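Residue numbers (my numbering): 32 to 219. The beta-carbon is built from N, C-alpha and C at its ideal position, and this holds for glycine as well. Here the structure is a predicted model, which is why all the values come from computation and not from measurement. Just below is one structure, and these are the notes that go with it.
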């Protein structure tokens, strides 16, 4: 009886071992290069160009205002010996008000909740969501346990090109939006 239990226990342990090994062998690892993927989505390039154009426009506007403040200050310094205390105070207040206007405008455009942040979310986030959904879809279909992004600084010491599913992700995204044709894509 004791021998039968021992044999039964060994058989159960063997079955569990084989099942665990098979499950581990079926779990695969892949990686993507999100920079490569995004570079091959024309809509993303268009969004980046629009964001850059807005940023440049706003930087120019702020630079001009800063120059106005500097001009006002230089003018104040050169005239200050001739001005009454009341006139000095008014000029100082005007300079400070203009300087505050510059800072407020900088926060409005470039602050954490500024227009640039909002515009970037509006234009780029939907594209990133499509990429993320495509990665999830491929990972489920091809039974990947992990998918790493080599572009985000995740340290990958070795990567076999056969595990790079970036082109598969671009093909999957191509079902819902335009991507660069596979033969025209440029690898980094």
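In whole angstroms, what separates the C-alpha of residue i from that of residue j?
{"i": "residue 205", "j": "residue 184", "result": "26 Å"}
{"i": "residue 68", "j": "residue 132", "result": "40 Å"}
{"i": "residue 193", "j": "residue 85", "result": "40 Å"}
{"i": "residue 182", "j": "residue 62", "result": "10 Å"}
{"i": "residue 211", "j": "residue 71", "result": "5 Å"}
{"i": "residue 118", "j": "residue 124", "result": "10 Å"}
{"i": "residue 100", "j": "residue 136", "result": "14 Å"}
{"i": "residue 8", "j": "residue 66", "result": "The chain is shown only over 32 to 219; residue 8 falls outside these bounds and no answer can be derived."}
{"i": "residue 170", "j": "residue 196", "result": "9 Å"}
{"i": "residue 97", "j": "residue 111", "result": "21 Å"}
{"i": "residue 216", "j": "residue 176", "result": "27 Å"}
{"i": "residue 76", "j": "residue 128", "result": "39 Å"}
{"i": "residue 87", "j": "residue 145", "result": "15 Å"}
{"i": "residue 116", "j": "residue 105", "result": "17 Å"}
{"i": "residue 92", "j": "residue 120", "result": "27 Å"}
{"i": "residue 64", "j": "residue 163", "result": "12 Å"}
Which same chain residues, not among the five before or five after residue i, have their C-beta less than 6 Å away from its C-beta?
{"i": "residue 122", "result": "107"}
{"i": "residue 155", "result": "78"}
{"i": "residue 141", "result": "147"}
{"i": "residue 109", "result": "none"}
{"i": "residue 95", "result": "none"}
{"i": "residue 165", "result": "200, 203, 204"}
{"i": "residue 89", "result": "140"}
{"i": "residue 80", "result": "none"}
{"i": "residue 180", "result": "63, 65"}
For the beta strand (DSSP E) holding residue i, just list the boundary residues, first then last.
{"i": "residue 176", "result": "175 to 180"}
Tell me which same chain residues have a C-beta within less than 7 Å of the C-beta of residue i, skipping the five on either side of it?
{"i": "residue 168", "result": "203"}
{"i": "residue 161", "result": "204, 207, 208"}
{"i": "residue 151", "result": "82"}
{"i": "residue 130", "result": "100"}
{"i": "residue 143", "result": "none"}
State the start and end residues of the unbroken alpha helix (DSSP H) segment that holds residue i.
{"i": "residue 130", "result": "116 to 141"}
{"i": "residue 168", "result": "146 to 172"}
{"i": "residue 207", "result": "Neither: residue 207 is in no alpha helix (DSSP H) and is coded neither H nor E."}
Ordered along the chain, which non-local residues of its own chain (more than five positions away) have a Cβ less than 8 Å from that of residue i?
{"i": "residue 209", "result": "72, 73, 74"}
Measuring from the CB of residue i, is there a heavy atom of the ligand ATP at a distance below 7 Å?
{"i": "residue 77", "result": "In the structure on display, the ligand ATP does not appear, and there are no ligands present to speak of."}
Out of the options, point me to the one whose CA is closest to residue i's CA.
{"i": "residue 158", "options": "60, 171, 201", "result": "201"}
{"i": "residue 126", "options": "93, 165, 102, 164", "result": "102"}
Check: What residue ranges within the region 64 to 107 form continuous alpha helix (DSSP H) runs of no fewer than 4 residues, ordered along the chain?
Finding: 65 to 70
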